[in-house]
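A.B. asks: Going line by line, the protein sequences match chains R and E. With the first sequence counted from 1, adding 17 to any position gets you our numbering. With the second sequence counted from 1, adding 6 to any position gets you our numbering. Please find one structure pasted underneath; my questions will follow.
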Amino acid sequence: MSSYETHEYDVLIIGAGGAGLRAAIEAAVGDLKVGLVCKSLLGKAHTVMAEGGVAAALANVDERDSWRVHFADTMRGGQYLSNARMAELHAQESPDRVRELEAWGALFDRTQDGGILQRNFGGHQYPRLAHVGDRTGLEMIRALQDHGIHQGIEVHMENTVVSLLKTGDRVSGAFGYEREKGRFKVFTAKAIVLATGGAGKAYKVTSNSWEYTGDGHALAYHAGAELIDMEFVQFHPTGMVWPPSVRGILVTEGVRGEGGILTNSEGKRFMFDDIPELYVNQTADNPEEGWRYTQGDREARRPPELLTRDHVARCIVREVQEGRGSPHGGVFLDIAWIKEKIPNAAEHIRRKLPSMYHQFRELANIDITAEPMEVGPTTHYIMGGIRVDADSQMTAVPGLFAAGECAAGLHGANRLGGNSLSDLLVFGKRAGEYAAQFAMENEAVPMDESEIETIVAHTLKPFENPQTDGNGNNMGPYGIQAQLQEKMQELVGIARSQESLTQAIEEIQNLREEAENVHAIGNREYNAGWHTALDLDCLLTASEAIALAALERKASIGAHSRDDFPEKEEPGAGKYNTIIKKTDDGAMAVRREPIDELREDLQEIIDEME
Amino acid sequence: MATFRIWRGNADDAQFVDYETEVSEGMVVLDAVHRIQAEQANDMAVRWNCKAGKCGSCSAEINGQPKLMCMTRLDTVPLDAPVTIEPMRAFPLIKDLVADVSWNFKVKERMKPFAPRPPDAEDGTWRMEQEDIDHVQEFRKCIECFLCQDVCHVLRDHKLHDEFIGPRFLVYAASLEMHPIDTENRLEELKNSDGIGYCNITKCCTKVCPEHITITDNAIIPLKERVVDQFYDPIKKLFRVFNR
Chain R
18 MSSYETHEYD
28 VLIIGAGGAG
38 LRAAIEAAVG
48 DLKVGLVCKS
58 LLGKAHTVMA
68 EGGVAAALAN
78 VDERDSWRVH
88 FADTMRGGQY
98 LSNARMAELH
108 AQESPDRVRE
118 LEAWGALFDR
128 TQDGGILQRN
138 FGGHQYPRLA
148 HVGDRTGLEM
158 IRALQDHGIH
168 QGIEVHMENT
178 VVSLLKTGDR
188 VSGAFGYERE
198 KGRFKVFTAK
208 AIVLATGGAG
218 KAYKVTSNSW
228 EYTGDGHALA
238 YHAGAELIDM
248 EFVQFHPTGM
258 VWPPSVRGIL
268 VTEGVRGEGG
278 ILTNSEGKRF
288 MFDDIPELYV
298 NQTADNPEEG
308 WRYTQGDREA
318 RRPPELLTRD
328 HVARCIVREV
338 QEGRGSPHGG
348 VFLDIAWIKE
358 KIPNAAEHIR
368 RKLPSMYHQF
378 RELANIDITA
388 EPMEVGPTTH
398 YIMGGIRVDA
408 DSQMTAVPGL
418 FAAGECAAGL
428 HGANRLGGNS
438 LSDLLVFGKR
448 AGEYAAQFAM
458 ENEAVPMDES
468 EIETIVAHTL
478 KPFENPQTDG
488 NGNNMGPYGI
498 QAQLQEKMQE
508 LVGIARSQES
518 LTQAIEEIQN
528 LREEAENVHA
538 IGNREYNAGW
548 HTALDLDCLL
558 TASEAIALAA
568 LERKASIGAH
578 SRDDFPEKEE
588 PGAGKYNTII
598 KKTDDGAMAV
608 RREPIDELRE
618 DLQEIIDEME
Chain E
7 MATFRIWRGN
17 ADDAQFVDYE
27 TEVSEGMVVL
37 DAVHRIQAEQ
47 ANDMAVRWNC
57 KAGKCGSCSA
67 EINGQPKLMC
77 MTRLDTVPLD
87 APVTIEPMRA
97 FPLIKDLVAD
107 VSWNFKVKER
117 MKPFAPRPPD
127 AEDGTWRMEQ
137 EDIDHVQEFR
147 KCIECFLCQD
157 VCHVLRDHKL
167 HDEFIGPRFL
177 VYAASLEMHP
187 IDTENRLEEL
197 KNSDGIGYCN
207 ITKCCTKVCP
217 EHITITDNAI
227 IPLKERVVDQ
237 FYDPIKKLFR
247 VFNR
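Below is the structure:
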């Protein structure tokens, strides 16, 4: 028998970014015993990196805004593939979720009359993003953290879950290890909430850190839950491109919200050349009108730089491919030009975009108040993820819930900026609430201890595998991870085809065989190589799901672009979701499921807003 | 090529180990550490996340200076001699570049939480002027990298972790005490269990803050003044001033 510590909870939350913390706070409202497991230290999760703001129709800046407009904007941004019920709940509940943060100490920037200030963002009809300069995510995670630590939640920092445990159909616990000594831990729970974030580490150019290896996606998939619309990976249009070591680091959309423009090597604002049909009526057709919009003119329409992220990213790629890119393979993002328009522009930029100013000055020797930035697309977010019930956030596995980026449904084919922070608040709360309810209504189920022995053996295998393969190649985890990232970038990136995707799936299968033999040096104490080896499993599962779903969707819609199928819809196929599920023989299978017609009242809102 | 002299080992046994690796344009210290980790020392422990100066995970001492590894460009560090990289020394070592910072989380937990006054408006919200929150927003920029704790001599040299909460949590206390809608009073704790008197305003913390928070001038000194105002009779104080 292997040794492990056991921790018993009513509700276990895996992941401590915004969604996990919000779920934990909600689950702890009653007398339940709540545990929270996180891969890093508390307060370091990627929510901290969100810059621009949290979308909520507070209507503090423009009273024409309402949940109905927010709902319609979200549906349009997602190309009508979103789960309408989730979009409805999200639009209705996000204002309360934002206000509640203020009661927990968050300090958003203020309007003239002392309310929460809101700013413009891509795809949002009215200024809707509550923000704190360009460090909104930090403010949110800190407010949740500082409130959460007084709610009696037990936090396990620097712990990684490697497998969920099931008893019959139900989830009954989780198995993981703590980083410091590599000791094993078993967490038993009546209900579990997955809030593990994304899988951006599957790509070479990414804004995601080492943590984002699709853990929740893989844990849920192996436990029998379904993944939905995994092909929709958001490539944020503006990541840093130079110097090489910072390639992929995010440049907030807030730069464009404050009046920043995109230009090519010829100095042209190329975004005016390609405005999609769905947005023609809402988009400015001249620079002057676009500028007025960013300065709060209610009659002006938004500049094309604030079109949805999928579209802006594609336009940037086109400019680069056609030879009009910047010296280091991006395009120019210029906020310094506003000095033509306003006095004290440099000071204004530093106040509105302090962390961008700091980031470019420190990392690229560029003063954004004086010169343009170079930017290009970076892997940022996955719209697809674990399929959940819209109201309760429960997966197909009884007792297993998911919220935040690892769950799916709200964002459809493309997420609007600012909707992820509101997503994690609204559905984090719901997941916590319904997980608590499930825990109160159901008895604990006994754990199957024999299962644990198998998991332990698997977890320790990297130490037993030989250091080199038969040909003398090093079998360390970093090489395999880098190969996967290269292939995903090249074959499952912004432009995809039958050929590239088929090849990707083959490559992923080969890498999976290699990963079986991955070797870890050293011992179990805080061993980065061992952790990377264990994360490979999840990363490969998420990558395979993305590629398989991308192969299934023979169309170019939202964030998913097929060179061989440029049309938005496959003739006769109608609107559908792609669903990934593990078959009884352990293989990954994909199928389509048609999207139900919209509820009549929701359809009316959309028609009205067209 | 450059040489990086990295602290390797655990609490029982640790020493510097030299690694040579290639250096290219724009690299930061964390890139060099990652390259060494991937190519020469897979099991090396290093904490990091955002790699953009926003999460405060990769704090270390680079050539003896407390810094974030992700924001320290190699072209600002002399490369003709080995670059030393050590974990934060004011905390116990876990392994290699990773220090045990758990004490910080315990300190925060025992501090009195935010307690707002009843809402100003019927929808449960408050009205606050931007100029009244500017200084609190400065404190809330803190990314909890704990470099200020690392450099503070009260903690680092005198090891008074049981009696002094350190600059990070004085900033936290200031962000709560100066929050326009907070109603709690934390001055007694600041004076006694939090040990604000130990700070003799040498401003080492302000100098190392990667977020450029003016810790001493804007947070600690005003808190010290509030403590004085509450606990020392103002008339006697005035008397002392006049009799100097």
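For each residue, glycine too, the CB sits at the ideal point set by N, CA and C.
Could you tell me whether the Cβ atoms of R:V348 and R:L279 are closer together than 8 Å?
C.D. replies: As a first step, residue 348 of chain R must be located in the first sequence, where it is residue number 331. As a first step, residue 279 of chain R must be located in the first sequence, where it is residue number 262. For R:V348 and R:L279, yes; Cβs fall inside 8 Å.
A.B. asks: Closer than 8 Å, CB to CB, is R:V348 near chain E or not?
C.D. replies: In the first sequence, the residue the question calls residue 348 of chain R occupies position 331. With 8 Å as the cut-off, R:V348 does not count as an interface residue toward chain E.
A.B. asks: From the DSSP output, read off the bridge partner residues of R:M390.
C.D. replies: Numbered from 1 along the first sequence, position 373 holds the residue referred to as residue 390 of chain R. According to DSSP, R:M390 bridges with R:L350.
A.B. asks: Is the segment 270-285 of chain R close to the segment 63-71 of chain R, with three or more CB pairs under 8 Å?
C.D. replies: Counting Cβ pairs under 8 Å, three or more are found: they touch.
A.B. asks: In the DSSP output, which residue or residues are listed as bridge partners for R:T549?
C.D. replies: As a working note, residue 549 of chain R is residue 532 in the first sequence. According to DSSP, R:T549 bridges with nothing at all.
A.B. asks: Give me the chain E residues within the contact set of R:W354, using Cβ-Cβ distance strictly less than 8 Å, ordered along the chain.
C.D. replies: What you label residue 354 of chain R is simply residue 337 of the first sequence in a count that begins at 1. What R:W354 touches in chain E: nothing, since even the nearest Cβ is about 25 Å away.
A.B. asks: My output table needs one value for R:N176: the three-state DSSP class, helix, strand or coil.
C.D. replies: Position 159 of the first sequence, counting from 1, holds the residue named residue 176 of chain R. R:N176: strand per DSSP, three-state reduction.
A.B. asks: Taking 8 Å as the cut-off, decide whether the C-beta atoms of E:V89 and E:F10 are in contact.
C.D. replies: For the purposes of this step, residue 89 of chain E is taken as the residue at position 83 of the second sequence. For the purposes of this step, residue 10 of chain E is taken as the residue at position 4 of the second sequence. It is a contact, given that the beta carbons lie within the stated cut-off.
A.B. asks: Using a Cβ-Cβ cut-off of 8 Å, state whether E:K57 counts as contacting chain R.
C.D. replies: Position 51 of the second sequence, counting from 1, holds the residue named residue 57 of chain E. For E:K57, the answer is yes, since a Cβ of chain R falls inside 8 Å of its Cβ.
A.B. asks: With H, G and I counted as helix, E and B as strand and the rest as coil, what does DSSP make of E:F10?
C.D. replies: As a position in the second sequence, residue 10 of chain E is number 4, starting the count at 1. E:F10: strand per DSSP, three-state reduction.
A.B. asks: Taking R:W84 as the query, report the chain E residues whose CB atoms sit under 7 Å from its CB, ordered along the chain.
C.D. replies: Position 67 of the first sequence, counting from 1, holds the residue named residue 84 of chain R. Residues of chain E passing the Cβ test: none, with the nearest at roughly 14 Å.
A.B. asks: From the DSSP secondary-structure annotation, give me the bridge partner or partners of R:T595.
C.D. replies: Translated into positions along the first sequence, residue 595 of chain R becomes position 578. Beta-bridge pairing links R:T595 to R:R609.
A.B. asks: Could you work out which residue in E:A105, E:D24, E:E31 and E:A44 is closest to E:S63 when comparing CA atoms only?
C.D. replies: The residue you call residue 63 of chain E lines up with position 57 of the second sequence. Cα-wise, what sits closest to E:S63 is E:A105.
A.B. asks: Can you tell me which residues form a DSSP beta bridge with R:M411?
C.D. replies: Locating residue 411 of chain R in the first sequence gives position 394, counting from the first residue. R:F418.
A.B. asks: So with CB distances below 9 Å, who are the chain E contacts of R:N544?
C.D. replies: Mapped onto the first sequence, residue 544 of chain R falls at position 527. Result: N48, D49, M50, A51 and K101.
A.B. asks: Opposite E:Q21 in the DSSP bridges: which residues?
C.D. replies: Numbered from 1 along the second sequence, position 15 holds the residue referred to as residue 21 of chain E. DSSP, once it has assigned bridges, lists E:R14 as partnering E:Q21.
A.B. asks: Which residue's Cα is closest to the Cα of E:M75: E:P216, E:G15 and E:K230?
C.D. replies: As a working mapping, residue 75 of chain E is identified with position 69 in the second sequence. The shortest C-alpha separation from E:M75 is found at E:P216.
A.B. asks: Answer yes or no: do R:T223 and R:T64 have a C-beta to C-beta separation smaller than 8 Å?
C.D. replies: Along the first sequence, read from residue 1 onward, the residue named residue 223 of chain R stands at position 206. Along the first sequence, read from residue 1 onward, the residue named residue 64 of chain R stands at position 47. Result no, Cβ atoms of R:T223 and R:T64 do not sit closer than 8 Å.
A.B. asks: Check whether the segment 485-501 of chain R touches the segment 536-552 of chain R, taking contact to mean three or more Cβ pairs, one atom from each stretch, closer than 8 Å.
C.D. replies: Output reads yes: the segment 536-552 of chain R touches the segment 485-501 of chain R.
A.B. asks: Determine whether the beta carbon atoms of R:S19 and R:E470 lie at a separation below 8 Å.
C.D. replies: Here residue 19 of chain R refers to the residue found at position 2 when the first sequence is read from its first residue. Here residue 470 of chain R refers to the residue found at position 453 when the first sequence is read from its first residue. Yes. Within cutoff.
A.B. asks: Since R:Q129 and R:L75 should fall inside the 8 Å C-beta cutoff, what is the C-beta to C-beta distance between them, to a whole number of angstroms?
C.D. replies: Against the first sequence, residue 129 of chain R aligns to sequence position 112. Against the first sequence, residue 75 of chain R aligns to sequence position 58. With 8 Å as the limit, R:Q129 and R:L75 do not qualify as a contact, their Cβ atoms being about 15 Å apart.
A.B. asks: Below 8 Å on the Cβ atoms is my guess for E:A179 versus E:D200; work out the distance and round it to an integer in Å.
C.D. replies: Reading the second sequence from its first residue, position 173 is the one you call residue 179 of chain E. Reading the second sequence from its first residue, position 194 is the one you call residue 200 of chain E. Confirmed, about 7 Å.
A.B. asks: Find the nearest neighbour of R:L155 within the set R:L124, R:H173 and R:G217, judged by alpha-carbon distance.
C.D. replies: Within the first sequence, the letter at position 138 stands for residue 155 of chain R. Here the closest residue by C-alpha is R:L124.
A.B. asks: With a cut-off of 8 Å, does the C-beta of R:Q376 fall near any C-beta of chain E?
C.D. replies: Residue mapping note: residue 376 of chain R aligns to position 359 of the first sequence, counting from 1. At least one chain E Cβ lies under 8 Å of R:Q376.
A.B. asks: So what's R:P254 in DSSP terms, helix, strand or just coil?
C.D. replies: The count along the first sequence starts at 1 and reaches residue 254 of chain R at position 237. Reduced to three states, the DSSP call for R:P254 is strand.
A.B. asks: Whose C-alpha, out of R:A512, R:K504, R:I511 and R:R529, is nearest the C-alpha of R:Q520?
C.D. replies: Position 503 of the first sequence holds residue 520 of chain R. With distances taken between Cα atoms, R:Q520 lies closest to R:K504.
A.B. asks: Starting from E:H185, find everything on chain R with Cβ-Cβ shorter than 9 Å and list it in chain order.
C.D. replies: Along the second sequence, one-based indexing puts residue 185 of chain E at 179. G122 and L124, listed in chain order.
A.B. asks: Am I right that R:R145 and R:D82 are in contact with their C-beta atoms under 8 Å? What's the rounded C-beta distance?
C.D. replies: Indexing the first sequence from 1 puts residue 145 of chain R at position 128. Indexing the first sequence from 1 puts residue 82 of chain R at position 65. Contact holds; Cβ gap of about 6 Å.
A.B. asks: Who are the Cβ neighbours of E:P125 in its own chain at under 7 Å, not counting the five residues just before and after it?
C.D. replies: In the second sequence, the residue the question calls residue 125 of chain E occupies position 119. Answer for E:P125: T131 and W132, listed in chain order.
A.B. asks: Closer than 7 Å by beta-carbon distance: list the chain E residues that pair up with R:E197, in chain order.
C.D. replies: Within the first sequence, the letter at position 180 stands for residue 197 of chain R. Correct list: I100.
A.B. asks: Using a Cβ-Cβ cut-off of 7 Å (strictly less than) and excluding sequence neighbours within five positions of R:D90, which residues of its own chain qualify?
C.D. replies: The residue given as residue 90 of chain R occupies position 73 in the first sequence. The residues are G140, H141, Q142 and L433.
A.B. asks: Comparing the C-beta of R:I383 with each C-beta of chain E, is any distance below 8 Å?
C.D. replies: Along the first sequence, read from residue 1 onward, the residue named residue 383 of chain R stands at position 366. Cβ-Cβ to chain E under 8 Å: no for R:I383.
A.B. asks: Nearest to E:D235 by alpha carbon, out of E:P98, E:I12 and E:E194?
C.D. replies: The residue you call residue 235 of chain E lines up with position 229 of the second sequence. Of the candidates E:P98, E:I12 and E:E194, the one whose C-alpha sits nearest the C-alpha of E:D235 is E:E194.
A.B. asks: Starting from the C-beta of R:G165, find all residues in its chain whose C-beta is less than 7 Å away, skip the five residues before and the five after it, and write them out in chain order.
C.D. replies: As a first step, residue 165 of chain R is located in the first sequence; it is residue number 148 there, counting from the start. Within the same chain, R:G165 has close Cβ partners L38, A41 and I42.
A.B. asks: Would you say R:D486 reaches chain E, if we count a Cβ-Cβ gap shorter than 8 Å as a contact?
C.D. replies: Taking the first sequence and counting its residues from 1, one reaches residue 486 of chain R at position 469. Taking Cβ atoms only, chain E never reaches closer than 8 Å to R:D486, which makes this a no.
A.B. asks: Would R:Q96 and R:A430 qualify as a contact pair, given that the criterion is a beta-carbon distance under 8 Å?
C.D. replies: For this step, residue 96 of chain R is matched to residue 79 along the first sequence. For this step, residue 430 of chain R is matched to residue 413 along the first sequence. Going by C-beta atoms, R:Q96 is nearer than 8 Å to R:A430.
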